[in-house]
Amino acid sequence: MHAPVLVLKDSLKRESGSKVRYAIIQAAKAVADVVRTTLGPRSMLKMLLDAQGGIVVTNDGNAILRELDLAHPAAKSMIELSRTQDEEVGDGTTSVIILAGEMLHVADAFIDKIHPTVICRAYNKALEDAIAVLDKIAMPIDAQDRGIMLGLVKSCIGTKFTGQFGDLIADLAIDATTTVGVEIGQGLRDVDIKNYIKVEKVPGGQLEDSRVLKGVMINKDVVAPGKMRRRIVNPHIILLDSPLEYKKGENQTNAELLKEEDWSLLLKMEEEYIEELCMQILKFKPDLVITEKGLSDLATHYLSKHGVSAIRRLRKTDNNRIAKACGAVIVNRPDELQESDVGTGAGLFEVKKIGDEYFAYIVDCKEPKACTVLLRGASKDLLNEVERNLQVSYRHVLKI
Numbered sequence: 316m317h318a319p320v321l322v323l324k325d326s327l328k329r330e331s332g333s334k335v336r337y338a339i340i341q342a343a344k345a346v347a348d349v350v351r352t353t354l355g356p357r358s359m360l361k362m363l364l365d366a367q368g369g370i371v372v373t374n375d376g377n378a379i380l381r382e383l384d385l386a387h388p389a390a391k392s393m394i395e396l397s398r399t400q401d402e403e404v405g406d407g408t409t410s411v412i413i414l415a416g417e418m419l420h421v422a423d424a425f426i427d428k429i430h431p432t433v434i435c436r437a438y439n440k441a442l443e444d445a446i447a448v449l450d451k452i453a454m455p456i457d458a459q460d461r462g463i464m465l466g467l468v469k470s471c472i473g474t475k476f477t478g479q480f481g482d483l484i485a486d487l488a489i490d491a492t493t494t495v496g497v498e499i500g501q502g503l504r505d506v507d508i509k510n511y512i513k514v515e516k517v518p519g520g521q522l523e524d525s526r527v528l529k530g531v532m533i534n535k536d537v538v539a540p541g542k543m544r545r546r547i548v549n550p551h552i553i554l555l556d557s558p559l560e561y562k563k564g565e566n567q568t569n570a571e572l573l574k575e576e577d578w579s580l581l582l583k584m585e586e587e588y589i590e591e592l593c594m595q596i597l598k599f600k601p602d603l604v605i606t607e608k609g610l611s612d613l614a615t616h617y618l619s620k621h622g623v624s625a626i627r628r629l630r631k632t633d634n635n636r637i638a639k640a641c642g643a644v645i646v647n648r649p650d651e652l653q654e655s656d657v658g659t660g661a662g663l664f665e666v667k668k669i670g671d672e673y674f675a676y677i678v679d680c681k682e683p684k685a686c687t688v689l690l691r692g693a694s695k696d697l698l699n700e701v702e703r704n705l706q707v708s709y710r711h712v713l714k715i
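Numbers in our numbering are just positions in the sequence shown, counted from 1, shifted up by 315.
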C-alpha cells in the first residue's frame with residue numbers, strides 16, 4: 316500500500332458536512348444579534364472602545380461591525396456584506412445584516428431534507444419576485460422639488476441620532492450636494508463628495524448652529540497675525556504649490572568662507588532670491604497668498620509690507636477645495652503666474668477664533684464648486700455620529 320500523502324499542515328483542521336453548515340448559520344446569526352438592537356424606531360446607540368482606546372458611540376451597523384475583531388470566516392463575510400452595502404448604497408447596513416442572518420436561520424430548518432443548492436434557487440426566485448414588486452410600486456419624483464427631497468432624506472435618518480433634530484441634517488445634505496454638483500448633460504449632475512465637501516467638526520455650541528459654508532474653512536491663521544489682515548472683502552487669492560523660502564539643495568553641500576564679506580554675500584544672495592519670488596507675486600496685486608509649503612520670515616516681511624496676508628503649510632486637499640471655491644489655479648512656481656490664475660470668486664476672507672483655535676474662512680463665493688459643512692455640538696463623539704448620519708444623507712440625495 317502507498318503511504319498517505321500529506322497536503323495540509325498538521326496544525327490545520329478540515330471540516331465538512333452538516334456540522335460546518337450549522338456553525339456558519341450560528342456565526343451569521345451571532346453577528347446579526349449584535350446589531351439587532353440598533354434597528355427601528357426604538358433603536359439604541361452602542362458604545363464601543365476601539366483599538367486605540369477611543370470611544371465610538373453609534374447605531375450605524377457598518378461602524379459597529381468595523382470595530383469587531385472576528386475570527387470565523389462566515390462572520391467576516393457578514394462584515395464584508397455590510398461594507399459593500401455601505402459603499403454601494405450608503406444606508407441599510409444594519410438591515411442587510413439582520414436580513415441575511417434571518418434568511419440563514421430560516422434555512423436551518425430545511426437543510427437536513429433539502430439540498431443547499433435548491434434552497435439557494437428558491438431564495439433567488441424570491442429575490443426576482445421582490446424586485447418585480449418594487450418596480451411595480453415605484454413612482455417617479457422631481458429631484459428639483461426640495462420638499463420631496465427633504466421627506467426622502469428624513470426617512471433614512473428618522474431612526475438615527477439626528478432624527479430628533481427635524482430637517483437640520485437633511486437641509487445640510489441637500490445644500491452641500493447642490494452646491495458642489497456639476498451639470499454633465501442629460502439632466503445628470505456629478506457630485507464629488509469625497510474631494511469637494513469637507514466636514515469640519517468644532518466642539519462647542521449647539522447642533523442647530525451647524526451650517527453649510529459656500530466656500531472653505533481651514534484650521535489655520537495668517538503667518539503674522541499682528542502685521543497681516545484677518546478680514547478682507549472680495550480678496551484676490553493666489554495659490555502656490557511651492558515654498559517661499561530659500562531653496563535647499565537635495566544633497567548636503569558645504570561652503571567655505573574665507574573672509575567675513577563672504578558670509579554677507581551669501582545672506583544677500585538669499586535675500587535677493589526671496590525678494591524676487593515675492594515681487595513676481597506682488598505684481599499681480601493679491602490680497603491673500605496661500606502655499607502648501609514653507610514661507611520664510613523674509614517673505615513674510617515683504618508680503619506684510621505690501622498689505623498681503625499669507626497662510627502656509629496647507630494640505631493639498633484643502634488647497635484644491637479653495638481653488639474650486641474661488642476660481643484660482645494652483646501654480647507650481649511664482650514665475651509661472653498669470654492674471655487668470657488669480658482667484659477672484661470669494662466674497663470674504665476672515666480669520667475667527669473658536670475656543671482655543673483659529674479658523675480661516677474663505678466664503679461667500681460666487682460660484683463655489685466646493686463647500687464646508689460646519690458641525691457644532693457638545694462633544695467630539697457626538698459630532699462623529701452626526702457626520703456618519705450626514706454621510707448617509709449624502710448618499711440618499713445622490714441616489715435620487
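All C-beta atoms in this analysis are idealised placements derived from N, C-alpha and C, irrespective of residue type, glycine included.
Euclidean distance between Cα positions of residue i and residue j
{"i": "VAL371", "j": "ASN704", "result": "14 Å"}
{"i": "ALA661", "j": "ILE645", "result": "15 Å"}
{"i": "ASN634", "j": "PRO649", "result": "16 Å"}
{"i": "GLU587", "j": "GLU560", "result": "11 Å"}
{"i": "TYR709", "j": "SER358", "result": "22 Å"}
{"i": "ASP524", "j": "GLY462", "result": "22 Å"}
{"i": "GLU585", "j": "TRP578", "result": "11 Å"}
{"i": "GLU403", "j": "LYS681", "result": "33 Å"}
{"i": "LEU354", "j": "SER410", "result": "7 Å"}
{"i": "LEU503", "j": "GLN341", "result": "45 Å"}
Within 9 Å, strictly: CB atoms of residue i and residue j
{"i": "LYS391", "j": "ASN374", "result": "no"}
{"i": "LEU396", "j": "ALA422", "result": "no"}
{"i": "ALA675", "j": "ILE533", "result": "yes"}
{"i": "ILE472", "j": "ALA491", "result": "no"}
{"i": "VAL468", "j": "ILE452", "result": "no"}
{"i": "SER799", "j": "PHE599", "result": "In the structure as shown, the chain begins at 316 and stops at 715. Residue 799 is therefore absent and cannot be evaluated."}
{"i": "THR606", "j": "SER655", "result": "no"}
{"i": "ASP507", "j": "VAL666", "result": "no"}
{"i": "ALA685", "j": "ILE637", "result": "yes"}
{"i": "LEU528", "j": "ARG691", "result": "no"}
{"i": "VAL688", "j": "ARG544", "result": "no"}
{"i": "VAL514", "j": "PRO683", "result": "no"}
{"i": "THR477", "j": "GLU700", "result": "yes"}
{"i": "ARG627", "j": "LYS608", "result": "yes"}
Beta-carbon proximity list for residue i, same chain, < 6 Å, skipping 5 on both sides
{"i": "LYS695", "result": "PRO518"}
{"i": "ALA267", "result": "Outside the displayed range of the chain (316 to 715) lies residue 267, so it cannot be described from this structure."}
{"i": "ASP602", "result": "ILE547, PRO550 and HIS551"}
{"i": "ILE499", "result": "ASP505"}
{"i": "ARG621", "result": "Here residue 621 is His; the residue named in the question, Arg, does not match the sequence. Taken in chain order, the residues that qualify are LEU597."}
{"i": "MET464", "result": "ILE489"}
Beta-carbon contacts of residue i that lie in its chain and below 8 Å, excluding the five residues immediately before and after
{"i": "HIS711", "result": "GLY405, ASP406, LEU467, VAL468, CYS471 and ALA488"}
{"i": "GLU575", "result": "none"}
{"i": "ILE412", "result": "VAL346, ALA347, VAL350, GLY376, LEU380, MET393, LEU396 and SER397"}
For residue i, the residue or residues it bridges with in DSSP
{"i": "MET532", "result": "TYR676"}
{"i": "GLU586", "result": "Per DSSP, none; premise fails for GLU586."}
{"i": "GLU498", "result": "ARG504"}
{"i": "GLU665", "result": "ARG546 and TYR676"}
{"i": "GLU515", "result": "LEU689"}
{"i": "LEU363", "result": "VAL371"}
Worksheet item: Touch check for the segment 609-628 and the segment 588-599: three-plus C-beta pairs under 8 Å?
Response: yes
Item to complete: Would you be able to state if there are at least three C-beta pairs under 8 Å between the segment 345-365 and the segment 676-683?
Response: no
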